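Accompanying notes for the structure given below.
Protein chains in written order, with the numbering used here: chain A, 1 to 542; chain B, 543 to 775.
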């Protein structure tokens, strides 16, 4: 018997990565795990491009004079930074990469409900990316990522149409992914996987899908109207022709505010998975964390006009929107409290994913609390369109979403690739990102409060010290982001082999081999317990 | 094997038998059908939001510029718009018959027949729409640099026509897509792919077709019947 066992283990294991190596097997794959990796390639590329623009911005801002680039170039830099990071990094990062990879595994399915549609979503995404990148290469776009009229109408000479079409196309990728995930969660769960046994990542993806499906079509039609209006020269939004620029802002933020929850909800799901695993505890208040995801998604639809407090909307509607914006803090706080309570009296295991979780908690807390400043009618008038706003949304969208993405990526990396990475370097990068991030963006709160407006390439000399601090922080941050690329690449080729469950985690994705089989599970699992029964099992690392 | 069963060996060499339309990642045909239906309904929800963005713009400007809305609306032909409404409602009925024929396992020619009538009605709609558009071109009512209108509300009238063309154009695009979709479905029906056990694509295209009709049921009064009450008295 012993010889037979050795013979079988000596055979190379069949998994989703090695069962077919041809290029066509990647480009025509219907496997959700491979599609996740396809997304990862382009999202990482977009992240690098967006990062280069950010670097150029921070270098320009080390001196008060606008000496490195012209005002026009600067406009293009922050616009293309925003467009890249929002539409091609933050929106797809967690749902399309980690969500695609994990969702079917987590619910015990062989794939998402519509695998071909999933592949189509990726192609649509790449085509959208191609359009916006072409727009950047042929001269860039200078409207700001918000495309406000008239910046995007008569005041712009840049490639608004191309960029708009790119975003329009990429939007369908997001819609189709959300649709696919919703159907998958409703219809593809394994026997015994009831709604309240679902991992919280799945709840988060469900809430996200709701936003993707309901909000994204509105930005699609809005950007289309804006782009067509520009080409054909009629005026739905153009005030000269009787149109209403504020209508554009309403429609834009009807998507773009909920879009913030597309960015932050899935990382929150990843945080719930990691924090329970590395605290070795049942998550505190499972149903509260689950329903707070849905509450954030629902409230998220009702707060968009807090971006318009100075746009001349009625003070009464502003009061309602202010109140509702405060209300979003409740489910967000429910989550944060439940996560910290999960750690309380847990057996905390200090590994890289957990370090990222702690970084997330710190940064999300600051980002969330400063959001309350912006939801207040009076204070918002003072800090509107200043660096205070820039700092706030970077704390949520980078400090929160990217930190959460990295927590999830470090958590599932052994499952995705079958290999471990260097844990010390991982912890170092988490620390560098946390320190670098705070150094970059905390001074911007002060700058904004002191009155430095966003989107200018020059500023009065008294703001220089804080800006230099910010730029210094940005270089630390850059090192923190490049470090994982190095040790992840190393891990791909030389990393220690990971077992099926290197973290001793609960969850169905850890019951199958690493990397998983092409069909995920040899047999469809039958579920008979909740998602986080850490207390019931011994800590078993395999 | 009519509507046959497919038998083939899987990766492990086990031969298994299943319906040819059954995809492997689904456990059962029922699961597959439920997934398709839910997916289609969700897709239609995204379509509602898609048209919704334009309708919000419509509402705002209708409140802002009631005179232009009344003026623009009166220049649209109730006869052509009304005919098109009837044509589309008729096509929804024949589409429902086509789905019913699939559901009850009628012969391919019955399904294809109903689909053919549906497509013919869809085409009639598009032809009438084409003549309406042609008239607008002739009158210079197409928004853009060559837009031409008389009177104090010329600029606002352009917004009305922008939304008219955006809404009906988007709707017509959906009709064209639906026409293509039904061609494929008719071909599948002709090949005998559908049976009582499996006619999902037929049913899903039916949902899509009805949705596109319902959009028109909203567009017709919103665009053609803005301020017509005085014409009746």
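The beta-carbon is built from N, C-alpha and C at its ideal position, and this holds for glycine as well. Fair warning: this is a prediction, and the values are worked out from it, not measured in the lab.
Rounded separation between residue i and residue j - CA only
i: residue 161 of chain A; j: residue 754 of chain B; result: 28 Å
i: residue 283 of chain A; j: residue 416 of chain A; result: 24 Å
i: residue 7 of chain A; j: residue 13 of chain A; result: Reliability fails at residue 7 of chain A, whose pLDDT of 41 lies under 50, so the model's placement of it is uncertain and the value that follows must be treated cautiously. If you take the alpha carbons of residue 7 of chain A and residue 13 of chain A, they lie about 12 Å apart.
i: residue 668 of chain B; j: residue 707 of chain B; result: 14 Å
i: residue 174 of chain A; j: residue 91 of chain A; result: 8 Å
i: residue 241 of chain A; j: residue 633 of chain B; result: 39 Å
i: residue 545 of chain A; j: residue 86 of chain A; result: Nothing about residue 545 of chain A can be read from this structure; chain A reaches only from 1 to 542.
i: residue 15 of chain A; j: residue 521 of chain A; result: 11 Å
i: residue 532 of chain A; j: residue 507 of chain A; result: 7 Å
i: residue 544 of chain B; j: residue 736 of chain B; result: Residue placement at residue 544 of chain B is poorly supported in this model, since its pLDDT is 40, which falls under 50; the coordinates are not used for a value here.
i: residue 49 of chain A; j: residue 80 of chain A; result: 9 Å
i: residue 746 of chain B; j: residue 20 of chain A; result: 34 Å
i: residue 529 of chain A; j: residue 339 of chain A; result: 21 Å
i: residue 648 of chain B; j: residue 731 of chain B; result: 10 Å
i: residue 233 of chain A; j: residue 224 of chain A; result: 13 Å
i: residue 683 of chain B; j: residue 690 of chain B; result: 6 Å
i: residue 177 of chain A; j: residue 209 of chain A; result: 8 Å
i: residue 265 of chain A; j: residue 275 of chain A; result: 15 Å
i: residue 527 of chain A; j: residue 26 of chain A; result: 31 Å
i: residue 666 of chain B; j: residue 629 of chain B; result: 7 Å
i: residue 718 of chain B; j: residue 117 of chain A; result: 21 Å
i: residue 785 of chain B; j: residue 111 of chain A; result: Nothing in the structure corresponds to residue 785 of chain B, since chain B is present only between 543 and 775.
i: residue 685 of chain B; j: residue 675 of chain B; result: 12 Å
i: residue 84 of chain A; j: residue 259 of chain A; result: 14 Å
i: residue 638 of chain B; j: residue 389 of chain A; result: 53 Å
i: residue 58 of chain A; j: residue 485 of chain A; result: 22 Å
i: residue 245 of chain A; j: residue 519 of chain A; result: 51 Å
i: residue 524 of chain A; j: residue 516 of chain A; result: 13 Å
i: residue 386 of chain A; j: residue 457 of chain A; result: 13 Å
i: residue 431 of chain A; j: residue 438 of chain A; result: 11 Å
i: residue 768 of chain B; j: residue 642 of chain B; result: 37 Å
Under 9 Å from the C-beta of residue i: neighbouring residues of chain A
i: residue 773 of chain B; result: Those within 9 Å of residue 773 of chain B in chain A number zero; the least Cβ separation is about 26 Å.
i: residue 777 of chain B; result: One cannot answer for residue 777 of chain B here, as it falls past the ends of chain B, which runs 543 to 775.
Residue j beta carbon less than 9 Å from that of residue i
i: residue 351 of chain A; j: residue 418 of chain A; result: no
i: residue 170 of chain A; j: residue 114 of chain A; result: no
i: residue 619 of chain B; j: residue 677 of chain B; result: yes
i: residue 441 of chain A; j: residue 270 of chain A; result: no
i: residue 392 of chain A; j: residue 373 of chain A; result: yes
i: residue 398 of chain A; j: residue 310 of chain A; result: no
i: residue 448 of chain A; j: residue 474 of chain A; result: no
i: residue 709 of chain B; j: residue 597 of chain B; result: yes
i: residue 36 of chain A; j: residue 101 of chain A; result: yes
i: residue 132 of chain A; j: residue 97 of chain A; result: no
i: residue 362 of chain A; j: residue 396 of chain A; result: no
i: residue 580 of chain B; j: residue 182 of chain A; result: yes
i: residue 203 of chain A; j: residue 68 of chain A; result: no
i: residue 149 of chain A; j: residue 226 of chain A; result: yes
i: residue 179 of chain A; j: residue 593 of chain B; result: no
DSSP bridge partner residues for residue i (one or two, in chain order)
i: residue 497 of chain A; result: A:419
i: residue 453 of chain A; result: A:386
i: residue 520 of chain A; result: A:517
Chain-ordered chain A contacts of residue i [CB-CB under 7 Å]
i: residue 591 of chain B; result: 214, 217 and 218
i: residue 704 of chain B; result: 234 and 236
i: residue 686 of chain B; result: 232, 233 and 234
Residues that residue i contacts on chain B, provided the C-beta gap is smaller than 8 Å
i: residue 183 of chain A; result: 577, 580, 581 and 584
i: residue 175 of chain A; result: 588
i: residue 111 of chain A; result: 567
Contact set between residue i and chain A, taken where Cβ atoms lie within less than 8 Å
i: residue 689 of chain B; result: 234
i: residue 587 of chain B; result: 213 and 214
i: residue 698 of chain B; result: 242
i: residue 573 of chain B; result: 187 and 188
Cross-chain neighbours of residue i in chain B, by beta carbon under 9 Å
i: residue 225 of chain A; result: 595, 596, 599, 704 and 708
i: residue 524 of chain A; result: 569
Interface partners of residue i on chain B, CB under 7 Å
i: residue 115 of chain A; result: 567
i: residue 222 of chain A; result: 595
i: residue 544 of chain A; result: There is no way to answer for residue 544 of chain A, as the model of chain A reaches only from 1 to 542.
query = Taking only runs of the beta strand (DSSP E) that begin and end inside the region 98-186 of chain A, which ones reach a length of at least 3 residues, in chain order?
reply = Positions of the beta strand (DSSP E) runs, each at least 3 residues long and wholly inside the region 98-186 of chain A, cannot be given because no such run exists.
ask   = Which ranges does the alpha helix (DSSP H) cover as unbroken runs of at least 4 residues, wholly within the region 458-494 of chain A, from first to last along the chain?
value = Fully enclosed alpha helix (DSSP H) runs of 4 or longer: 464-494.
Entirely enclosed alpha helix (DSSP H) segments - the region 283-348 of chain A, minimum 4 residues = Annotation: the region 283-348 of chain A contains the following complete segments of the alpha helix (DSSP H) (minimum length 4 residues), in chain order: 286-300 and 315-343.
inquiry  = Extract the residue ranges of the alpha helix (DSSP H) inside the region 593-655 of chain B, only unbroken runs of 4 or more that lie entirely within it.
reply    = Given a length threshold of 4 residues, each whole run of the alpha helix (DSSP H) inside the region 593-655 of chain B is given here in chain order: 608-616 and 620-645.
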